[in-house]
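J.: The numbering used here numbers the first residue of the sequence shown as 47 and each following residue consecutively. Backbone N, C-alpha and C define an ideal beta-carbon position, used for all residues, glycine too. Have a look at this one before I ask anything.
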Amino acid sequence: MLKEVVGTPSFCWVSEMSEKRDYYEVLEVAKDASSADLKNAFRSLARKYHPDRSKEDNAEEKFKEIQEAYAVLSDEQKRAQYDRFGHDGPAGSPFGGFGGGGGFNINLEDILGGDFFSNIFGGGGGAGRQSRRRGSDIRMFHTVDLKKIFQGSQEEVVVDLPVACTKCAGTGAKDGNISDCGECNGQGKVRMRQQVGPFVQDVVRDCPTCRGSGHQIDERCEACRGDGKEIKSSTLRFNIPAGAEAGTRLRMRGKGGPAPNGKGEDGDLFIEIEVEVHPWFERSNADLIMSLPLGYSDLVLGTSIKLEHIDGKELVLKIPPYSNSGDTIEIKKRGLPRNRGSGRGDVIVLLKLHMPKKVDKKSKKMLQELKPVLGPADILDRIKDDAIERRN
Ligand SMILES: [Zn+2]
Ligand SMILES: [Zn+2]
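Next comes the structure, spelled out in structure tokens:
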């Protein structure tokens with residue numbers, strides 16, 4: 047579901063996006079999983095969801111998902127790329143993301159054991175793409191600091207993006223000459239006989255010759271080696287709306303991977319906003335939260351502290367006398383602009399008692415002298431009072 051942002055016609059807020067799951071999540075492994083972990087995870091999931099064996103709902107979908115995840119994570123280079131860029135990856139990859147290619151180079155027989163396939167026709171093969179008429183979507187991350195989130199910002203970045211090869215107009219064929227696939231007569235699908243246990247059934251699959259595209263390339267374009275893509279440095283300009291949340295995705299239509307074979311729709315580019323960690327603020331929607339360690343004397347006597355603030359003006363924290371560790375003070379309307387709606391959030395300051403790690407002899411003596419003043423006069427009364435406070 048997409049929501050348009052007024053005034054920025056080439057972008058939308060994307061609140062939800064039918065999106066691929068994280069590869070590590072798919073394989074149910076930790077981010078630092080070893081290659082043996084990955085293989086084990088893949089083996090057990092592949093056995094569970096192999097579409098020709100599994101009784102699970104949407105087994106085929108699941109199987110494709112785990113296959114894709116494993117194909118990427120088991121390849122050191124692709125894994126590093128994925129860790130860095132996420133799905134549909136990299137601006138700069140000559141393959142324009144993980145979703146673009148055809149089959150995956152996984153030897154299933156090797157991993158699952160030959161017996162697993164003894165009565166399955168066709169094996170596990172490559173995962174067919176859902177749509178070959180559309181280029182892959184690309185996601186990139188863009189990090190800004192809190193100041194830019196406060197003000198809103200016009201960004202300009204230069205990135206390498208895959209575009210249709212200019213030599214062959216994205217067809218992948220020399221001089222753009224493509225013809226219908228002879229195997230499937232341009233349909234992209236073929237009927238196959240498949241044995242499932244004792245049954246034989248006809249299934250329709252992506253044509254293996256053209257991998258579902260319906261096209262045949264007689265001679266490959268030399269410039270892109272048949273890939274139909276080239277990498278081009280592009281300047282992207284986009285607005286970060288004031289108050290944008292981390293994780294906000296901006297969408298640039300048609301800036302993703304080029305349409306396969308130069309036909310159909312180009313994919314989209316999603317720019318995901320990340321926000322740099324601020325040295326002291328944490329964010330809660332439009333509010334900014336910080337903790338302020340104070341000495342005992344500051345809490346008793348009160349104090350005033352000035353900080354440089356993200357709005358360019360000084361932020362004055364006034365701590366009233368007799369403040370308690372754990373008290374909060376709120377500075378209204380000095381937080382971030384509200385994302386939807388008007389006004390600003392607040393700055394919320396949590397007071398904390400700072401305990402010195404070490405006290406010298408002289409100070410110790412002074413503290414001893416102050417004890418009758420600082421300490422509760424009647425310790426038993428204090429204990430009872432605290433107990434009452436806690437119950438209320
Ligand atoms: Zn074909
Ligand atoms: Zn080309």
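1. Report all residues from its chain with a CB closer than 6 Å to the CB of residue 365; omit the five preceding and five following residues, and keep chain order.
2. Could you tell me whether the Cβ atoms of residue 188 and residue 319 are closer together than 8 Å?
3. Ligand 2 heavy atoms versus the CB of residue 181: any closer than 7 Å?
4. The alpha helix (DSSP H) that contains residue 418, what's its start and end?
5. Quick one: what's residue 200 bridged to in DSSP?
6. DSSP three-state call for residue 436: helix, strand or coil?
7. Could you check which residue in 399, 400, 414 has the C-alpha nearest to that of residue 406?
8. Just mark residue 128 as buried or exposed, buried being the case when its beta carbon has 16 or more other beta carbons within 10 Å.
9. Return the chain-ordered list of same chain residues with a C-beta closer than 8 Å to the C-beta of residue 314, the five sequence neighbours on each side being excluded.
10. Would DSSP call residue 109 helix, strand or coil?
11. For residue 252, count neighbouring Cβ atoms within 10 angstroms of its own Cβ and tell me buried if that reaches 16, exposed if not.
12. What distance in whole Å lies between the Cβ atoms of residue 422 and residue 450, which are believed to be in contact at a cut-off of 8 Å?
13. Three or more C-beta pairs closer than 8 Å, one from the stretch 333–340 and one from the stretch 201–217: is that the case here?
14. Three Cβ pairs or more, each shorter than 8 Å: is that satisfied between the stretch 277–288 and the stretch 222–230?
15. Decide if residue 307 is buried, meaning its Cβ has at least 16 other Cβ atoms within 10 Å, or exposed.
16. Hey, would you say residue 88 sits closer than 8 Å to residue 96, going by beta carbons?
17. Kindly list the residues whose CB is nearer than 7 Å to the CB of residue 26, restricted to its own chain and excluding five residues on each side of it in sequence; keep chain order.
18. Let me know the alpha helix (DSSP H) ranges lying completely inside the stretch 230–312, each 4 residues or longer, listed in chain order.
19. If we call anything under 8 Å between Cβ atoms a contact, is residue 235 one with residue 246?
20. For residue 435 and residue 404, I'd like the C-alpha separation in whole angstroms.
21. Should residue 380 go down as buried or exposed, given a rule of 16 or more other Cβ atoms within 10 Å for buried?
22. Mind checking whether residue 192 and residue 324 have CB atoms under 8 Å apart?
23. State the start and end residues of the unbroken alpha helix (DSSP H) segment that holds residue 122.
24. For residue 286 and residue 186, I'd like the C-alpha separation in whole angstroms.
25. Find out if the Cβ-Cβ distance for the pair residue 219, residue 264 is shorter than 8 Å.
26. What's the C-alpha gap between residue 388 and residue 266?
27. Within the structure, which residues are defined as neighbours of ligand 1 by a Cβ-heavy atom distance below 5 Å, reported in chain order?
28. Is the beta carbon of residue 303 within less than 7 Å of some heavy atom of ligand 2?
29. Less than 8 Å separating the beta-carbons of residue 399 and residue 363?
30. Distance check for residue 274 and residue 258, CA to CA, integer angstroms please.
31. With burial defined as no fewer than 16 other Cβ atoms inside 10 Å of the residue's Cβ, what is the status of residue 369: buried or exposed?
32. Taking C-beta to C-beta, are residue 237 and residue 248 nearer than 8 Å?
33. Taking DSSP as the reference, what is the three-state secondary structure of residue 371?
34. Quick one: what does DSSP say residue 376 is sitting in, helix, strand or coil?
35. Who does residue 226 pair with in a DSSP beta bridge?
36. I want to check one thing, is the minimum distance from the CB of residue 278 to the heavy atoms of ligand 2 below 7 Å?
T.: For this structure:
1. Stepping through the sequence shown from its first residue, residue 365 is reached at position 319. 348, 349, listed in sequence order.
2. Along the sequence shown, one-based indexing puts residue 188 at 142. Along the sequence shown, one-based indexing puts residue 319 at 273. Result yes, Cβ atoms of residue 188 and residue 319 sit closer than 8 Å.
3. Taking the sequence shown and counting its residues from 1, the one referred to as residue 181 is at position 135. Checking every heavy atom of ligand 2 against the Cβ of residue 181, none is found closer than 7 Å.
4. Within the sequence shown, numbered from 1, the residue matching residue 418 stands at position 372. Bounds of the alpha helix (DSSP H) holding residue 418 are 407–420.
5. Within the sequence shown, the letter at position 154 stands for residue 200. DSSP lists 285 as partners of residue 200.
6. If you number the sequence shown from 1, residue 436 lands on position 390. In the structure shown, residue 436 sits in a helix (DSSP, three-state: H, G or I).
7. Here the question's residue 406 lines up with position 360 in the sequence shown. Cα-wise, what sits closest to residue 406 is 414.
8. By 1-based counting over the sequence shown, the position of residue 128 is 82. Under this definition residue 128 is a buried residue.
9. Here residue 314 refers to the residue found at position 268 of the sequence shown. Counting only Cβ-Cβ distances below 8 Å, and skipping sequence neighbours, we find 183, 184, 297, 298, 299, 300, 301, 302.
10. Translated into positions along the sequence shown, residue 109 becomes position 63. Residue 109 carries a helical assignment under DSSP once its states are collapsed to helix, strand and coil.
11. Position 206 of the sequence shown, counted from the first residue, corresponds to residue 252. It counts as buried.
12. Because residue 450 is not part of the residues shown, which for the chain are 47 to 438, the question remains open.
13. The stretch 333–340 is not in contact with the stretch 201–217.
14. no
15. Indexing the sequence shown from 1 puts residue 307 at position 261. The residue in question, residue 307, is buried, as its Cβ has 16 or more Cβ neighbours within 10 Å.
16. By 1-based counting over the sequence shown, the position of residue 88 is 42. By 1-based counting over the sequence shown, the position of residue 96 is 50. Taking 8 Å as the Cβ cut-off, residue 88 and residue 96 do not qualify as a contacting pair.
17. Because the chain here runs from 47 to 438, residue 26 falls outside it and cannot be looked at.
18. Look at the stretch 230–312 and you find no whole run of alpha helix (DSSP H) that is 4 residues long or longer.
19. Here residue 235 corresponds to residue number 189 of the sequence shown, with the count starting at 1. Here residue 246 corresponds to residue number 200 of the sequence shown, with the count starting at 1. Cβ atoms of residue 235 and residue 246: not closer than 8 Å.
20. Walking along the sequence shown from the start, residue 435 turns up at place 389. Walking along the sequence shown from the start, residue 404 turns up at place 358. Each residue's alpha carbon lies about 32 Å from the other.
21. Stepping through the sequence shown from its first residue, residue 380 is reached at position 334. Buried, since its Cβ has 16 or more Cβ neighbours within 10 Å.
22. The count along the sequence shown starts at 1 and reaches residue 192 at position 146. The count along the sequence shown starts at 1 and reaches residue 324 at position 278. Yes, they are a contact pair.
23. Position 76 of the sequence shown, counted from the start, is the residue given in the question as residue 122. That run of the alpha helix (DSSP H) goes 122–131.
24. As a first step, residue 286 is located in the sequence shown; it is residue number 240 there, counting from the start. As a first step, residue 186 is located in the sequence shown; it is residue number 140 there, counting from the start. Approximately 14 Å, taken between the alpha carbons.
25. Taking the sequence shown and counting its residues from 1, the one referred to as residue 219 is at position 173. Taking the sequence shown and counting its residues from 1, the one referred to as residue 264 is at position 218. In this structure, residue 264 lies closer than 8 Å to residue 219 by Cβ.
26. The residue labelled residue 388 in the question sits at position 342 within the sequence shown. The residue labelled residue 266 in the question sits at position 220 within the sequence shown. Roughly 57 Å separates the two Cα atoms.
27. Those residues that bring their Cβ nearer than 5 Å to a heavy atom of ligand 1 are 227, 229, 230, 253, 255, 256.
28. Here residue 303 refers to the residue found at position 257 of the sequence shown. No, the beta carbon of residue 303 sits no closer than 7 Å to any heavy atom of ligand 2.
29. Residue numbering aside, residue 399 sits at position 353 when the sequence shown is read from its first letter. Residue numbering aside, residue 363 sits at position 317 when the sequence shown is read from its first letter. In this structure, residue 363 does not lie closer than 8 Å to residue 399 by Cβ.
30. The residue you call residue 258 lines up with position 212 of the sequence shown. The residue you call residue 274 lines up with position 228 of the sequence shown. Those two C-alpha atoms are separated by around 16 Å.
31. Here residue 369 refers to the residue found at position 323 when the sequence shown is read from its first residue. So residue 369 counts as buried.
32. Counting from one through the sequence shown, the residue named residue 237 turns up at place 191. Counting from one through the sequence shown, the residue named residue 248 turns up at place 202. Their beta carbons are under 8 Å apart, which means residue 237 touches residue 248 by this criterion.
33. Taking the sequence shown and counting its residues from 1, the one referred to as residue 371 is at position 325. Residue 371 falls in the coil class under three-state DSSP.
34. Working through the sequence shown from its first residue, we reach residue 376 at position 330. Three-state result, residue 376: strand.
35. Taking the first residue of the sequence shown as 1, we reach residue 226 at position 180. Per DSSP, 261.
36. Looking up residue 278 in the sequence shown gives position 232. Residue 278: no, Cβ never under 7 Å from ligand 2.
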